[in-house]
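Asker: Here it is, the structure, as structure tokens.
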Amino acid sequence: MKLIAAFVLSLLATPLMAQSIPVHGNWCGIGHSGGPFAAPPTDPLDAACMRHDICTGQQGRFSCGCDIGFMQELRNTPWPNPGIQAKARAIYDSIAVIPCRNPDGQAVKMDMFMGDWSREVLSGREAPWEVLRRWGLLGQDAVNYGF
Numbered sequence: 001m002k003l004i005a006a007f008v009l010s011l012l013a014t015p016l017m018a019q020s021i022p023v024h025g026n027w028c029g030i031g032h033s034g035g036p037f038a039a040p041p042t043d044p045l046d047a048a049c050m051r052h053d054i055c056t057g058q059q060g061r062f063s064c065g066c067d068i069g070f071m072q073e074l075r076n077t078p079w080p081n082p083g084i085q086a087k088a089r090a091i092y093d094s095i096a097v098i099p100c101r102n103p104d105g106q107a108v109k110m111d112m113f114m115g116d117w118s119r120e121v122l123s124g125r126e127a128p129w130e131v132l133r134r135w136g137l138l139g140q141d142a143v144n145y146g147f
């Protein structure tokens, strides 16, 4: 829990546009877009992050359409292993709560997130606090990358 608090405080301490917070591969994370030489994606999750970064580069930051498309891809991709699947779900959860420019688009993102979360909880497949654990894993990944 201390790691999550430290991660959130670090986000608040620095303007969002100036941050680079890598969480996976060459493309996943806030401001982490392929590096200075646009390195290729390392795996299917990194490729999905690259497509989202390209979309937001064309549509502008905080594009609801880019975020929703990314969330749909993360939700529907058969991931190659449980570790990548867990990280994809954590990124999905995070994208859902990062505000986008259109309130209607933000509502769609939150509906997707809350629907998936409530189905998992009500079915007994996960505990209600599991989303916080996933966010903690992303925070740990950022620390591991040297954030």
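With my numbering, the residue at position 45 of the sequence shown is 45, and numbering never jumps. Just so you know, even glycine gets a beta-carbon here, dropped at the ideal spot from N, CA and C.
1. Here's the rule: buried if 16 or more other CB atoms are within 10 angstroms of the residue's CB, otherwise exposed. What is residue 122?
2. Determine the closest residue to residue 41 out of 52, 53, 26, 33, with distance taken between C-alpha atoms.
3. Taking residue 52 as the reference, which of 91, 86, 140 has the closest Cα?
4. With a threshold of 6 angstroms on Cβ separation, who are the neighbours of residue 20 within its own chain once the five nearest residues in sequence on each side are excluded?
5. Quick check on the DSSP output: the alpha helix (DSSP H) that includes residue 57 runs from which residue to which?
6. Return the residue from the list 50, 81, 132, 129 that minimises the CA-CA distance to residue 69.
7. Return helix, strand or coil for residue 1, following the three-state DSSP convention.
8. Taking C-alpha atoms, which residue in 93, 76, 102 lies nearest to residue 129?
Answerer: So, from the data block:
1. Sequence index remark: in the sequence shown, residue 122 carries index 122 (1-based). In summary, residue 122 is exposed, with fewer than 16 beta-carbon neighbours lying within 10 Å of its beta-carbon over all protein chains present.
2. For this step, residue 41 is matched to residue 41 along the sequence shown. Residue 41 has its Cα closest to that of 26, out of 52, 53, 26, 33.
3. Along the sequence shown, read from residue 1 onward, the residue named residue 52 stands at position 52. The shortest C-alpha separation from residue 52 is found at 91.
4. Against the sequence shown, residue 20 aligns to sequence position 20. Counting only Cβ-Cβ distances below 6 angstroms, and skipping sequence neighbours, we find 31, 32.
5. Here the question's residue 57 lines up with position 57 in the sequence shown. From DSSP, the alpha helix (DSSP H) with residue 57 extends over 44-59.
6. Here residue 69 corresponds to residue number 69 of the sequence shown, with the count starting at 1. Cα-wise, what sits closest to residue 69 is 50.
7. Taking the sequence shown and counting its residues from 1, the one referred to as residue 1 is at position 1. Because residue 1 sits at a pLDDT of 48, beneath the cut-off of 50, its placement in the model cannot be relied upon, and the following sentence gives the value as read from the coordinates. It is coil, neither helix nor strand.
8. What you label residue 129 is simply residue 129 of the sequence shown in a count that begins at 1. Selected option, being the one with the closest Cα: 93.
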